[in-house]
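The structure appears below as structure tokens.
Numbering (the UniProt record's numbering), first residue to last: 1 to 722.
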């Protein structure tokens, strides 16, 4: 038995030492970074006055609040009756006077309080009106008892002068407990920022309200204001506060917002909590809180984190790179930022905007790259956001300021309703685009669009007056499920800075997990332009919505810029294939298995035809997505001796039912195809026909083609290539 008791005692010691027993302490998290307790201040007491034996009255929570050209004051008289009999409160009253001797007419918010039961405490709220210039320290409070045995019919039980140092304002970072009626409530500003736009200050406040009582309460119609240093009152708006039920020792958070003109002095602001009583006929100020000053963090160091605060919490942001890139007839200024959540709680992804200011005076609204599917940042998670703006390519820039803003929570999303968060100033030369080898990989790490892009090869398509250069890109989806491929923008650039804009394919289909896609980037070059000193620059497209101009109000996406550019060394030119087996037409594989030619002559009509019959196999890699609409190849027969040519366009299958009836569309699988050409002269030289070249061309567009495969055959033969 003794051993059993000894074991129990040891176990209890272990539990106490290592926290297994709850000691009953209650704390509230002060912010996202700290689990320290919030200090709740009790109602401020001005002093205690004795009513009679075992009955005392404490004067609490005197607050004055501006109301048009006057102020309404409220004070709580907390009467504690420790006697064995009830006290008739009708025998007592509270009076207030100013230093000038003017009497303040007070009234009880709850006029039904007539008695103070034995062994109880009752809170009685008095309100009144004073002049706008009266300070709290100008007020003297007197507790009287009606006594008709004296000439004034009253006897002063106690008098309290409000001291000069008295302040009911709750310091920042602390909470305030108040009593109103029989309810005990605590208020705490969990988060507060004063954002600033061109026209307004925009407070965003998270207010926590806690029920400290032992019974459930229903929140009344609280009126919440920002009170400025000049005693101007601006209402704060919130949703769904009135009527909210709070059980004992539970709390709820409410988001508060306001709009204050920029001309108002932005210092010494207070949050005012007012309770409407008696169906709005009376007001009681419950609490005042310090609010922070409106300010915007700024920095001029590349790669250094700077903080900004929203109603959701604290974020860190750093400027990584800033580029100046060509786009159409302009230049594009692109800045890339890392946004970090260094707190220990998940934060909603902020809705960020930006504005550029060049040389201190030229402003441009930035477009934001929205290729990221993140809706929240986990603790210690980062993401990249990028902003771009156009400037004339002749514009010289010596200084760049980037103002990061957040959309306001009001209905209007225009720039005048944006809150300034943090500003970055940059005076150095713009960053150089990262240079990659032809065999390197461009990685896109945007959540939901993660992919890797590499260059396959390039081709030069010769035309009569101009040429076309085409780079083929292979991309692989690195997400764990199918995903849309991000839109890309590119251009070709020579070493002397000459730029040729490229058109980059878009993929209509999503790419499966670990699946691949093929893209083509095409640009037109002046005839004879060399590609030896050329590089290919590729970036992520930044799109904006634009009206189509129709009456239906529809919008279309328009290129606003691009971000995260890299500069590739040009890949090797596509090698000419000297046979017709497995011709690479990614995502297709094209093989010619048999070639037969014949010449038919109609003596009656004097006509001759050249006929080509060929067997082929066409297969498609279903895991590689590509835009194959209107993709064509050209077959060409060239007589080796005479140079006579016979050509025909063939369309690759794309599922497009709008192809012209005279077009020949290749079909998947093993097929046989016949092509005929009318030629009246070929019969005359039939004796001289010996050998021809069978050429296969890739065609960029009509008139622009590149030879990709060739093989020689004898005329008037039937040859199997298997």
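No residue lacks a Cβ here, since even glycine has one placed at the ideal position from N, Cα and C.
The model shown is predicted, which means the values in this text are computed figures rather than measured ones.
Annotation for residue 76: 60, 61, 123 and 125 place their beta carbon closer than 6 angstroms to its own, counting only its chain and skipping 5 residues before and after. Unbroken beta strand (DSSP E) runs of no fewer than 3 residues, entirely contained in the segment 465-523, are found at 466-477, 488-494 and 499-504, following chain order.
Secondary-structure assignment with DSSP links residue 457 through a beta bridge to 472. Remark: C-beta atoms of residue 54 and residue 88 do not approach each other more closely than 8 angstroms.
Between the segment 353-366 and the segment 521-539, the count of C-beta pairs closer than 8 angstroms stays below three; the two stretches do not touch. Taking each of 541, 306 and 504 in turn and checking the Cα distance to residue 455, the smallest one comes out for 504.
Remark: three or more beta-carbon pairs, one from each stretch, lie closer than 8 angstroms, so the segment 132-139 and the segment 148-163 are flagged as touching. Using a Cβ distance threshold of 8 angstroms, residue 389 and residue 403 do not count as a contacting pair.
As the crow flies, the alpha-carbon of residue 56 is around 13 angstroms from that of residue 145. A straight line joining the alpha-carbon of residue 597 with that of residue 671 spans about 17 angstroms.
By the Cβ rule, the segment 452-469 counts as touching the segment 698-709, because three or more pairs are nearer than 8 angstroms. Here residue 513 really is in contact with residue 480; their C-beta atoms are around 5 angstroms apart, less than 8 angstroms. For residue 181, there is no enclosing beta strand (DSSP E), as DSSP marks it with neither H nor E. One Cα belongs to residue 270, the other to residue 92, and the distance between them is close to 34 angstroms. With respect to the 8 angstroms criterion, residue 677 and residue 692 are not classified as neighbours on the basis of their beta carbons. Distance from the CA of residue 326 to the CA of residue 563, rounded to the nearest whole angstrom, comes to 12 angstroms. Here residue 48 is bridged, per DSSP, to 58.
If the five residues before and after residue 203 are omitted, its C-beta is found closer than 6 angstroms to the C-beta atoms of 194, 226 and 258, all from its own chain and listed in chain order.
Taking C-beta atoms as the reference points, residue 311 and residue 237 fail to come closer than 8 angstroms. Straight-line spacing of the CA atoms in residue 342 and residue 94 works out to 53 angstroms. By the Cβ rule, the segment 372-381 does not count as touching the segment 329-338, because fewer than three pairs are nearer than 8 angstroms.
In the structure shown, residue 330 falls within a strand segment according to DSSP collapsed to helix, strand and coil.
For residue 561, the pairing in a beta bridge is given by DSSP as 542. Scanning 622, 558 and 74 for the CA closest to the CA of residue 276 turns up 74. Going by C-alpha positions, residue 592 is about 56 angstroms away from residue 319.
For residue 282, the enclosing beta strand (DSSP E) stretches over residues 282-290. Between the C-alpha atoms of residue 386 and residue 170 there is a straight-line separation of about 40 angstroms.
Counting C-beta atoms within 10 angstroms of its own C-beta, residue 365 has fewer than 16 neighbours from the protein chains shown and is therefore classed as exposed.
For residue 285 against residue 109, the beta-carbon gap comes to about 12 angstroms, at or over 8 angstroms, which does not count as contact. In this structure residue 516 touches residue 474 by the C-beta definition: roughly 6 angstroms separates them, less than 8 angstroms.
Judged by DSSP in its simplified three-state form, residue 137 adopts helix.
Of the other Cβ atoms in all chains shown, 16 or more fall within 10 Å of the Cβ of residue 191; this residue is therefore buried. Here residue 216 is exposed, its C-beta having fewer than 16 other C-beta atoms within 10 Å. Linking residue 291 to residue 78 through their CA atoms gives a straight-line distance of about 29 angstroms.
By the neighbour-count definition (other C-beta atoms within 10 Å, threshold 16), residue 483 is a buried residue.
The beta carbon of residue 581 sits closer than 6 angstroms to the beta carbons of 591 from its chain, once the five residues preceding and following it are set aside; these are given in chain order.
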